[in-house]
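Using our numbering, you'd call the opening residue of the sequence shown number 513 and step up by one each time. Each remark here refers to the structure printed beneath this line.
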Amino acid sequence: MSELPKTFDPAAIEARWYPHWEQAGLFRSERPGAQPWTIVNPPPNVTGSLHIGHALDNTLQDILVRHARLQGKDARWVVGTDHAGIATQMVVERRMAQAGQKRTDFTRDDFVGKVWEWKAESGGTITGQLRRLGCSMDWSNERFTMDEGFSAAVLKVFVQLYREGLLYRDKRLVNWDPGLGTAISDLEVETREVQGSFWHLRYPLADGRGFIEVATTRPETMLADMAVAVNPADERYTALIGQMVRLPITGRLIPIVADEHADPELGSGAVKITPGHDFNDFEVGKRAGFKAADMLNMLDAKAQVCQTADGLIPAEYLGLPGNDPKAPADARRLVVAALKEQGFLVPHVDKDGVEHDAEPRRIQTPYGDRSGVVIEPWLTDQWYVDAATLAQPAIEAVRSGAVKIVPKSWEKTYFNWMENIQPWCVSRQLWWGHRIPAWFADDGRVFVAETHAEAQAEAGEGVALKQDEDVLDTWFSSALWPFATLGWPENTDPTLGGRYSNDVLISGFDILFFWDARMLMQGIHFMKEVPFKTLYLHGLVRAADGAKMSKSKGNTVDPLGLIDAYGADALRFFMAAMESQGRDIKMDEKRVEGYRNFATKLWNATRFAQANGIGASQALEAPKADLAVNRWIIAETIETVQALDLALADLRFDGAANTIYQFVWSRFCDWYLELIKPVLQGGGEGAEETRAVAGWVLDQILVMLHPFMPFITEELWHALGERDNDLIVARWPMADARAIDPGARAEIDWLIRLVSEIRAARTELNVPPGARLPLHVRDASGVTGEQLDAQAAVLARLARVDRVEGEAPAGGALQIVVDEATFVLPLGEVIDLDAERARLTKAIAAAEKERDALARRLGNASFVERAKPEAVDKARADHADKMAEAARLHAALGRLG
């Protein structure tokens, strides 16, 4: 047994134990014949650094994998990183720019080589940070979404889906990022509310008999308008349906079509339709009979005006930015000026009667989350996956219970999205990523194959082929994560060695559709089985005020800074304790500090054990015990194991953390260690029994707490004595209900209640802490009498009372009722009873005054409705506190008689 230092130093412990675990291979110990248990981590971007969301997600996973390992399972936590196409290419291009270089200065292969160089130098930042958090991942089999084996799986999936007719090339609208020059996913689009305008335009009817008015926030797109839509039920326009409009500026003839997309209550009820530059308009255009190939496109890849297929855009608009207020000129300003000059702009009249070109509006505008530029809906040729077909088995898997979503409330959202799923655009206009295995002949034919040689063989000798320049969306490759990381397609075992399906997936709800659902689709299609049996969706970690964290708001929290300040164990326990199913977490650094104090309390309890000859237990089963206090703590330990097992099985992380916290802090440290001090000091057989029991209980605590706080528990495990193994591979406690002793529980629970009541009453009545009080008992049963005799030493020590036979003397006394007995403690010789009554009366009056004032404020409807919600919540909390305080003081006064 090595003596623990007086001060708990998390940093020193963490620096020692993590390298030991990893170098000893304990994250993937060999357990032949053991039940496989597998979880995969959501692969973080190779460019990433650990943020607070990663800390939550990986803490929850590590709790489960450490628990499974302690249960004797062959637990494996698959780890790896995502190549993060856009993010990584941006990082490398910025680095090149510092050296005065551009990507286009190099060949594609040379640039990709530079990205691999960057990864070798700087791509491991987040993996080191995951180690600091304590994540017990299988680093010996770390994967990367562009490693050789994984890339082979990606190519196989693409080719097979294409040959099955589930992947195809099509012309559709995409989220186009003009800054990056690529299509991006919805996840990479952030919507911002910006100041904009609402213009009203008059379009002349082609027959010259009037106008139809439309409204728009993007007047420049009228250069590519192809229709005007009105609601078929809108009687104002019934006679106009089917007629033609001649557009100003271009002179293009376009039809007036009927479509329910047009809202009669919004604006004029008529909507300009630009199917090549608006997602809703695209669908209206299709319903109106326009083929995607015939839809007009007026912007190029840099969001500058280009000529439409009909050649009707005037030359002075070509090459201008569509909308760029910072540019000397843009199409928007030119269009508005031309419409105004020609009399087609309807002025907005403000409340003062002043005319303006447009009505000011706050407009929801999409921006690229990395480029920071406005995203354009753009009509382009891309590769698509037939998600609607792949979604059907994934929908059924959740409906049938083959996959359990926790919390269950997310099922409705899942079904709604999956049942209305759109084709999945999987191509990106980048150089870094899995290059699409498709080759084009000069005549337009396409050949999809895993290699150029296979494509050439299919095309025939002498046919010149050029490979598609695009790469695959990173979500396409990460959708294969649960099985491609385990050796597929080389490993043909349908269970991949018993590890597919994975046991559980932990994920943020924000990637339910982008990652989780796509893994279900691809896993079921290629493996004929679900990729995971349970999908646990956790919430977001928000700022203390409930706001979403963002760098722009300056309210982000660095988890590494919290680890430096309080230790990884404290941060991990905070994450677990605050993770309540279906709710977001509010960041609270004081709570993290509180859990560091919890670790310190356990540290000091172990130092107490060392000082009193309590060491490592040699038994898995509880030692034999005769003393009630020992039988009680054994039962409490067993019930804690049972409650912890149930909470972890139900993925109730907060319940599990609270269970072990309350047991360690309250039952073991605050009560058991105090209750056994007289026994240890008295020596004899009772002391030896108590040392054995205390050592066993402390061992069980370290094992149960290890998944949550791995570092301190491993340190204390070894500090208590010689061990045959490290704690990380110890045995999970056995929940043997036979060890539960109702009689011992009744006796010790009675003792705790009695001591607590006496202590509280002494505090309320200002009894000096060191004063010893006589204790008289009335109406005690035989059982209570026996318990008083058995626990006399404990009562004398913890409550500072000495039992006195006979009736209590007349005069002021403290009276407490526990069960059937009344306990009387005379106070006349200890405190000034009159002065104490006066103090309590005055305190009652003050508390009631504040209580009533707060009640009046809360009864004021104006305050409740107009005040900030946090002010109302505080007033309610304060009112509840004052009510409780007044009640407590009344009870104290009543005890004086």
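Backbone N, C-alpha and C fix where the C-beta goes; we use that ideal spot for every residue, glycine too.
Does the separation of the CB atoms of residue i and residue j fall below 8 angstroms?
i	j	result
leucine 977	phenylalanine 959	yes
phenylalanine 539	methionine 649	yes
aspartate 682	glutamine 934	no
phenylalanine 1223	valine 1289	no
serine 709	proline 872	yes
proline 731	valine 847	yes
arginine 882	methionine 1090	no
alanine 1231	threonine 1112	no
methionine 1033	alanine 903	yes
glycine 1079	proline 522	yes
phenylalanine 1021	leucine 1049	yes
proline 690	alanine 815	yes
phenylalanine 1220	arginine 1084	yes
phenylalanine 1025	tryptophan 929	yes
phenylalanine 1086	tyrosine 1107	yes
arginine 620	tryptophan 951	no
glutamate 700	histidine 789	no
What does DSSP give as the partner residues of residue i in its beta bridges?
i	result
phenylalanine 1335	Val1289, Ile1328
aspartate 893	Lys683
methionine 756	Pro767
proline 1190	Answer by DSSP bridge pairing: none, since proline 1190 is not bridged.
leucine 984	Ser939
leucine 1266	Leucine 1266 pairs with nothing; no bridge assigned.
asparagine 1014	Phe1044
alanine 800	Paired residues: none, contrary to the question.
tryptophan 993	Per DSSP, none; premise fails for tryptophan 993.
glycine 592	Arg655
Once DSSP output is grouped into helix, strand and coil, what is the label at residue i?
i	result
isoleucine 1356	helix
arginine 1235	coil
phenylalanine 520	coil
phenylalanine 1110	helix
leucine 510	This structure does not reach residue 510, given that the chain is present from 513 up to 1409, and the question cannot be answered.
leucine 1310	helix
glutamate 725	strand
arginine 1315	strand
alanine 1279	Checking the displayed sequence, the identity of residue 1279 turns out to be valine instead of alanine. If DSSP states are grouped into helix, strand and coil, valine 1279 belongs with coil.
proline 833	strand
aspartate 1022	helix
Please report the residue range of the beta strand (DSSP E) in which residue i lies.
i	result
serine 709	701-716
lysine 1045	1044-1050
glutamine 876	871-880
phenylalanine 959	958-960
leucine 977	977-979
phenylalanine 952	950-953
alanine 782	782-785
Could you give the residue range of the alpha helix (DSSP H) that holds residue i?
i	result
glutamine 1212	1197-1217
threonine 639	637-645
isoleucine 1146	1140-1161
lysine 924	922-931
Just how far apart, CA to CA, sit residue i and residue j?
i	j	result
valine 1413	proline 1071	Outside the modelled stretch of the chain, which goes from 513 to 1409, sits residue 1413, for which no answer is possible.
alanine 1196	isoleucine 1260	Strictly speaking, residue 1196 in this sequence is glycine, with alanine absent from that position. Straight-line Cα distance between these residues: approximately 21 angstroms.
histidine 860	alanine 718	25 angstroms
glutamate 702	aspartate 985	18 angstroms
alanine 599	glycine 560	9 angstroms
alanine 914	lysine 668	26 angstroms
isoleucine 917	valine 590	21 angstroms
arginine 714	alanine 695	34 angstroms
cysteine 474	alanine 1283	This structure does not reach residue 474, given that the chain is present from 513 up to 1409, and the question cannot be answered.
arginine 1315	asparagine 1170	37 angstroms
aspartate 1253	leucine 1047	39 angstroms
asparagine 553	glycine 1058	27 angstroms
glutamate 1276	leucine 1401	7 angstroms
valine 1279	glutamine 1303	23 angstroms
tryptophan 651	glutamate 1226	20 angstroms
tyrosine 926	leucine 568	22 angstroms
alanine 609	alanine 596	20 angstroms
glutamine 1174	tyrosine 680	57 angstroms
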